[in-house]
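Here the structure is laid out as structure tokens; the discussion comes afterwards.
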Amino acid sequence: MKKARIIGTGSYRPEKVLTNFDLEKMVDTNNEWITARTGIKERRIAADHEMTSDLAVNAARKALEMAETKPEEIDLVIVGTITGDYPWPSTACLVQDKLGAVNAAAWDVSAACSGFVYALASATQYLESGHSKKALVIGAEVLSRIIDWEDRNTCILFGDGAGAVVLEAQEGEQGVLSTHLHSDGSYWELLYQPGFGARHPASVSGIEQRLPFLRMAGNEVFKVAVRSLYDVAIEALDANQMTAKDVDLLFPHQANRRILDAVKKRLKLNDDQMYVNVDMCGNTSGASIPLALDEANRNGQLNEGDVLLFDAFGGGFTWGAALVRW
Ligand code: ACO
Numbered sequence: 010m011k012k013a014r015i016i017g018t019g020s021y022r023p024e025k026v027l028t029n030f031d032l033e034k035m036v037d038t039n040n041e042w043i044t045a046r047t048g049i050k051e052r053r054i055a056a057d058h059e060m061t062s063d064l065a066v067n068a069a070r071k072a073l074e075m076a077e078t079k080p081e082e083i084d085l086v087i088v089g090t091i092t093g094d095y096p097w098p099s100t101a102c103l104v105q106d107k108l109g110a111v112n113a114a115a116w117d118v119s120a121a122c123s124g125f126v127y128a129l130a131s132a133t134q135y136l137e138s139g140h141s142k143k144a145l146v147i148g149a150e151v152l153s154r155i156i157d158w159e160d161r162n163t164c165i166l167f168g169d170g171a172g173a174v175v176l177e178a179q180e181g182e183q184g185v186l187s188t189h190l191h192s193d194g195s196y197w198e199l200l201y202q203p204g205f206g207a208r209h210p211a212s213v214s215g216i217e218q219r220l221p222f223l224r225m226a227g228n229e230v231f232k233v234a235v236r237s238l239y240d241v242a243i244e245a246l247d248a249n250q251m252t253a254k255d256v257d258l259l260f261p262h263q264a265n266r267r268i269l270d271a272v273k274k275r276l277k278l279n280d281d282q283m284y285v286n287v288d289m290c291g292n293t294s295g296a297s298i299p300l301a302l303d304e305a306n307r308n309g310q311l312n313e314g315d316v317l318l319f320d321a322f323g324g325g326f327t328w329g330a331a332l333v334r335w
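The opening residue of the sequence shown carries number 10 in the working numbering; numbering runs sequentially from there.
Structure below.
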């Protein structure tokens, strides 16, 4: 059976930097608190004219260039996002249009911070089954537009960005070895955006109640996140008769440093087995794993044959892992 092999990566971070010191001027917080509790020092914020599809296209163009692939060769575009340009059409359709990927089917996946792993798992099925030959999988978010900048509990955590991979169906040892997806909708209320959808249609009173902004029960999210990230990582390793020692580089969803350290400790990984860039990016939800992957790839940190583990957790709750031979 052919495997889904990553043949190009790309990423994009908006230019504007928002530091912890900038946040000190906006809400009652301080750099020490944010650094100690989250490890985040700065995050990027999209310019007013930049939409999620723009970030996605910037990342995708770099991935296509690395993959030496023309947009019209792509037959599948999947975007993991919860901050699409519009409720509909999908951001994937907008990306398809901007790129000129005229031969692709395109759709979004809504799995919050697990969006990229969910999208990657979906594309893998199409590539392995022969329904697709070359796919573009993107995680892209402009979370700054759904953040309540008056809520110090949440506004310190998130940032904007995008990451993309081009995948090709290929024979051989390299590619996605397995994917593992889970959800538990009974936790939906711990991390969600109340408005404006069908339950709370747009209204002035809804704005007064701050319904369009992300809500989160941070402590409870933390506990389930650590457990789920660990469990699904072990599930992926077991499925491939591997242990954590076999992992060359773990790419966890960059939620915050304490979650990552707790997962690293439970998996008994060394520091150099886990990629971390949350300090400079914040939590970019669906974009965080492909953004980190592209950074590591362009830094020359990935070697042919390496075992990479993508490990994600997010609203829904959703969580998932993908084991990849580079
Ligand atoms: N600056 C200063 N003080 C603050 C801030 C802030 N930005 N935010 C909260 N505090 C205060 C609280 O009001 C509270 O004060 P009190 O004791 O007087 O009531 C105190 O700090 C402790 O608050 P906690 O919420 O208990 O702080 P905690 O140690 O849990 O840290 C945090 C909060 C960082 C949000 C943590 O719960 C966490 O990391 N949760 C995971 C959430 C997450 O990563 N979500 C991302 C989305 S899900 C995902 O991506 C996987």
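The beta-carbon is built from N, C-alpha and C at its ideal position, and this holds for glycine as well. Quick caveat, the model's predicted, so the values are computed rather than measured.
- For Val287 against Leu269, the beta-carbon gap comes to about 7 angstroms, under 8 angstroms, which counts as contact.
- For Glu81, there is no enclosing beta strand (DSSP E), as DSSP marks it with neither H nor E.
- With a cut-off of 7 angstroms, the C-beta of Asn286 is classified as distant from ligand 1, since no heavy atom of the ligand falls inside that distance.
- Taking the CA atoms as reference points, Phe260 sits about 5 angstroms from Phe319.
- DSSP, reduced to helix, strand and coil, places Tyr21 within a strand of the structure shown.
- With respect to the 8 angstroms criterion, Ala130 and Thr188 are classified as neighbours on the basis of their beta carbons.
- Those residues having their beta-carbon less than 7 angstroms away from any non-hydrogen atom of ligand 1 are, in chain order, Val36, Asp37, Thr38, Asn39, Trp42, Ile43, Arg46, Thr47, Cys122, Arg161, Asn162, Ile165, Leu166, Leu200, Met225, Gly227, Asn228, Val230, Phe231, Ala234, His262, Ala264, Asn265, Arg267, Ile268, Asn292, Ser294, Phe322, Gly323 and Gly324.
- Boundaries of the beta strand (DSSP E) harbouring Pro261: Leu258 to Pro261, taken from the DSSP string.
- Apart from sequence neighbours up to five positions away, the residues of its chain that approach Tyr284 with a beta-carbon distance below 6 angstroms are Leu258, Phe260, Ala301 and Ala305, ordered along the chain.
- Scanning its chain for C-beta atoms nearer than 6 angstroms, with the 5 sequence neighbours on each side dropped, one finds around Glu82 the residues Lys143, in chain order.
- Excluding the 5 residues flanking it on each side, Glu313 has same chain C-beta neighbours closer than 7 angstroms at Trp335, in chain order.
- Within 10 angstroms of the beta-carbon of Ile15 lie 16 or more other beta-carbons, which makes it buried.
- Relative to the Cα of Leu278, the nearest Cα in the group Asp303, Ile298 and Ala242 belongs to Ala242.
- Glu180 has its alpha-carbon roughly 43 angstroms from the corresponding atom of Lys50.
- Restricting attention to Gln282, Ala65, Pro80 and Gln105, the CA atom closest to the CA of Asp255 is found in Gln282.
- The residue among Arg219, Pro23 and Trp197 with its C-alpha nearest the C-alpha of Glu229 is Trp197.
- Under the three-state reduction of DSSP, Ala69 is assigned to helix.
- 8 angstroms or more divides the Cβ of Val111 from the Cβ of Gly89.
- Counting along the chain, Ile243 sits inside the alpha helix (DSSP H) bounded by residues Gly227 to Ala248.
- The alpha-carbon of Val26 is positioned some 33 angstroms away from that of Leu276.
- Ala120 sits away from Gly291, with the two beta carbons spaced by 8 angstroms or more.
- The three-state reading of DSSP puts Met60 in coil, since its state is none of H, G, I, E or B.
- Here Phe30 is exposed. Its C-beta has fewer than 16 other C-beta atoms within 10 Å.
- When the Cα atoms are used, Ala72 and Tyr21 turn out to be separated by approximately 10 angstroms.
- Residue state for Ser195 is assigned as helix, using DSSP reduced to three classes.
- Residue state for Ser138 is assigned as coil, using DSSP reduced to three classes.
- Where Asp270 is concerned, there is no enclosing beta strand (DSSP E), although the alpha helix (DSSP H) around it starts and stops at Arg266 to Leu276.
- Here Ile43 is near Ile165, since their CB atoms are less than 8 angstroms apart.
- As the crow flies, the alpha-carbon of Arg236 is around 8 angstroms from that of Val272.
- Boundaries of the alpha helix (DSSP H) harbouring Lys107: Thr100 to Leu108, taken from the DSSP string.
- Counting only residues of its own chain and dropping the five nearest sequence neighbours on each side, Thr78 has a CB closer than 7 angstroms to the CB of Gly17, Lys143 and Val175.
- The alpha-carbon separation between Trp328 and Lys274 amounts to approximately 19 angstroms.
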